[in-house]
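Enquirer: Chains as they are written, first to last, in full-length UniProt numbering: chain A, 1 to 344; chain B, 1 to 344. Glycine included, each C-beta is placed from N, C-alpha and C at the ideal position. Predicted, not measured: the structure shown is a model, and the values here were computed from it. Mind looking over this structure? Questions follow.
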DNA sequence: TTGAAAGCGATACCAG
DNA sequence: CTGGTATCGCTTTCAA
């Protein structure tokens, strides 16, 4: 007796369901999609449903979208760097909200790809929308590639505006500006700005630094005073923080905006260990208003960031998909506000 | 003159490329996939490539995998809860490693779905593998559904073993056990265990608590001594920590294992504000060895966790996909080791 | 070396 | 009310 046929467990298709139920594939499709246009008798419906159940039939998304001519995929390139709890929470929320709107969120790790490579790779999936944080620099040409592949919206959340793309910018310059203004307002005139050495974070750190710079310039001109600002490289390790703290006195600074609360805490601890008093000798301000910033003493002053809700952003995305012609440019989605505690 | 035809920007297909290049679709496919089996003349190749370039042609992944009969999708259900920087970093790494092995990682938010619903939704994408953290409780039947839909491996990283699934468990009980042993070894006999109230974290907190429990039992039996252990609910807010600290003296505990470093820091600060000395009045140990745990004073003792590298896990996944019959069960991928600092 | 054509799975039109 | 069938884009066998 010959062995069983080579196909051990063929994936059941709608044809299998049809065969088992004794109807045509068309009928199966109608029943399973609750098609309103055609009326199918109740016994037939039951037969079909039972057959599908028995076979464990699950429709094939690729086949369906091939037929439909479009997908509901929203592609979310993921970045390699840990962008902090604030952004992580925001992304989770966004995913969620998009799913509720019946989109399938596909996160795609694209580290190390050029804009061209990334755009091609993404386009293969025929996403209906792409939401880029900005970790991959997209050109107008890349946007065109994606649109030609059926993307109805290419949305960038980063600071860089790309022709053809919707920009829902989370303006990080505001963060730096609020921090600098806070320090200046409290009488500080020699301000350091910590810029993380970690690769990938420049997407956030550069605008924050730029914002601080412009705030300093504005304040100096308005008040006719001399304010200094200095960029300080530091990485997220105790050693790096200690190194910076060790040469602190030679820098002649009386305040520092430390990128975010984590870097601020790290640096503040190192400064204290170096014998400097916070805020008397040096004022320290972070950003993101993380809970841990309230645990160290003195309590850390910070810039509180108001992120848009996932629901809100999702609905903007949905709108862009429905009406791609309205090229939205918005930069008011994120708010920043200095929060005075005890470290400044 | 009539307006342009209704189709504004039809997505270019391989047929369009063929037409433009003056060859057949087959030839286009051969050229673009660098088919070794057939030899195509160099001029033809160039013509095809140029035509593809000019049209901005990008192949259609769904059509391709429909034809191929399988995908390279690895489905990663994502949980709603922030599981901490350790896990986030691990997941990033894993994604990366999988992409290098030419898989497409699809993260799928499945919160609120039942096991049945989730399995069906995932199966529609015909993933070649599913890697579940365990946030959705999968039954053997669900695993069967996925396998019938072509999944060659269903892998669970959580503590629950599901029939038919590969288990690459990250054994969280070890964490609790090491923490409890550390505290017992340092002479503590009344141990509290903080269990986060945040939904979703029970996946981690329950095994950590269980591990602490069994370590206590083991030590008590071996030493013939009386050791008490008590579960303490707390959420990640200052209020909750303060509330717990306020009733601390009435609990009669001399040590606490606080789920992880973040909860530990929060509680330690609240205890100190309540006038309790750490570690004299109460010893505190966390877990995950986060950098911030070294910033507070006293420095936080912790349980250091050794996660498998993304590369390692990815290669295990790849192996499971290639050889699905070898049902792997491994629980030694994560290591846990108590780290003594100053808070115990 | 290239072209014609079958077929992957699901859907929707048009007949019956 | 239900069934046959063309179609989506791509790969691959078979013929020429």
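(1) So the candidates are B:223, B:313 and B:170; which of them puts its Cα closest to the Cα of residue 204 (chain B)?
(2) At what residue ranges does the segment 130–173 of chain B contain a whole run of the alpha helix (DSSP H), taking only runs of 4 or more?
(3) Mind checking which residues open and close the alpha helix (DSSP H) that includes residue 230 (chain A)?
(4) Which one of B:56, B:343, B:307 and B:95 has the shortest CA to CA distance from residue 75 (chain B)?
(5) Can a CB atom of chain A be found closer than 8 Å to the CB of residue 149 (chain B)?
(6) Are the C-beta of residue 3 (chain B) and some C-beta of chain A separated by less than 8 Å?
(7) Of all Cβ atoms in chain B, is any one closer than 8 Å to the Cβ of residue 138 (chain A)?
(8) DSSP three-state call for residue 277 (chain B): helix, strand or coil?
(9) Which class does residue 184 (chain A) belong to by DSSP, given the choice of helix, strand or coil?
(10) Using a Cβ-Cβ cut-off of less than 9 Å, give me the residues of the segment 159–179 of chain B that come near chain A, in sequence order.
(11) Using the rule of at least 16 other Cβ atoms within 10 Å of the residue's Cβ for burial, across every protein chain shown, is residue 262 (chain A) buried or exposed?
(12) Are the segment 286–300 of chain B and the segment 64–74 of chain B touching by the rule of at least three beta carbon pairs closer than 8 Å?
(13) Suppose only complete runs of 4+ residues qualify. What are the alpha helix (DSSP H) ranges in the UniProt domain "HTH lacI-type" (12–68) of chain B, listed by chain order?
(14) Let me check understanding here. Comparing Cα to Cα, which of B:272, B:277 and B:258 lies closest to residue 192 (chain B)?
(15) Would you tell me roughly how many angstroms separate the C-alpha atoms of residue 250 (chain B) and residue 200 (chain B), rounded to the nearest one?
(16) Cα separation between residue 318 (chain A) and residue 311 (chain A)?
(17) Can you tell me whether residue 325 (chain A) is buried or exposed? The criterion is at least 16 other CB atoms within 10 Å of its CB, across all chains shown.
(18) So residue 17 (chain B) packs on residue 57 (chain B), CB below 8 Å; how close in whole Å?
(19) Round the Cβ separation of residue 320 (chain B) and residue 140 (chain B) to the nearest angstrom and send it over; I've been treating them as touching at under 8 Å.
(20) For residue 128 (chain B), does the three-state DSSP call read helix, strand or coil?
(21) Where does the unbroken alpha helix (DSSP H) through residue 87 (chain A) begin, and where does it stop?
(22) Assign residue 33 (chain A) to buried or exposed, taking buried as 16 or more other Cβ atoms, counted over all protein chains shown, within 10 Å of its Cβ.
(23) Can you tell me whether DSSP reads residue 105 (chain B) as helix, strand or coil?
(24) By Cβ distance, which residues of its chain are closer than 7 Å to residue 30 (chain B), with the 5 residues on each side in sequence left out?
(25) Just the C-alpha distance for residue 282 (chain A) and residue 210 (chain A), rounded to the nearest angstrom, thanks.
(26) Check the Cβ of residue 75 (chain B) against every Cβ in chain A and list those closer than 7 Å, keeping chain order.
(27) Given a cut-off of 8 Å, decide if residue 145 (chain A) and residue 119 (chain A) are closer than it, judged by their beta-carbon atoms.
(28) Using a Cβ-Cβ cutoff of less than 6 Å, which residues in the same chain neighbour residue 332 (chain B) once the five nearest sequence positions on both sides are dropped?
(29) Could you check whether the Cβ of residue 304 (chain A) sits closer than 8 Å to any Cβ belonging to chain B?
(30) Which bits of chain A does residue 109 (chain B) rub up against, with CB to CB less than 9 Å?
(31) Less than 6 Å between C-beta atoms, sequence neighbours within five positions excluded: which residues of the same chain meet that for residue 110 (chain A)?
(32) By DSSP's criteria, residue 196 (chain A) is part of a beta bridge. Which residues make up the other side?
(33) Could you tell me whether any Cβ in chain B is nearer than 8 Å to the Cβ of residue 7 (chain A)?
(34) Go to residue 76 (chain A), then tell me how far its alpha helix (DSSP H) extends in each direction, as first and last residue.
Expert: Here's the rundown:
(1) B:170
(2) 140–148
(3) First-last for residue 230 (chain A): 228–234, but that is the beta strand (DSSP E), not the alpha helix (DSSP H).
(4) B:95
(5) Output row for residue 149 (chain B): interface = yes.
(6) Note on residue 3 (chain B): pLDDT 34, under 50, position unreliable in the model; the coordinate value appears next. No, residue 3 (chain B) lies away from the interface with chain A (no Cβ there is under 8 Å from its Cβ).
(7) no
(8) coil
(9) helix
(10) none
(11) buried
(12) These segments do not touch.
(13) Runs of the alpha helix (DSSP H) inside the UniProt domain "HTH lacI-type" (12–68) of chain B: 14–21, 25–32, 42–55 and 61–68.
(14) Among B:272, B:277 and B:258, the Cα nearest to that of residue 192 (chain B) belongs to B:258.
(15) 29 Å
(16) For residue 318 (chain A) and residue 311 (chain A), the distance between alpha carbons rounds to 10 Å.
(17) exposed
(18) Between residue 17 (chain B) and residue 57 (chain B), the beta carbon gap of about 5 Å places them in contact (Cβ cut-off 8 Å).
(19) Contact doesn't hold; Cβ gap of about 17 Å is too wide.
(20) Shown here, residue 128 (chain B) sits in coil according to DSSP, grouped into three states, outside any helix or strand.
(21) It spans 85–100 - the alpha helix (DSSP H) in which residue 87 (chain A) sits, taken as one unbroken run.
(22) Answer is exposed; the Cβ neighbour count stays below 16.
(23) strand
(24) 38 and 40
(25) 22 Å
(26) Counting only Cβ-Cβ distances below 7 Å, residue 75 (chain B) has no contacts in chain A at all, with the closest Cβ about 10 Å away.
(27) yes
(28) none
(29) no
(30) Against residue 109 (chain B), the close residues of chain A are 92, 95, 96, 98, 99 and 105, in the order they occur along the chain (beta-carbon pairs closer than 9 Å).
(31) 77, 118 and 136
(32) A:234
(33) With a pLDDT of only 41 at residue 7 (chain A), under 50, the local geometry of the prediction cannot be trusted, and the value read off the model is given with reservation. It does not: the Cβ of residue 7 (chain A) has no partner Cβ on chain B nearer than 8 Å.
(34) Taken as a continuous stretch (DSSP letters only), residue 76 (chain A) belongs to no alpha helix (DSSP H), being part of the beta strand (DSSP E) at 73–78.
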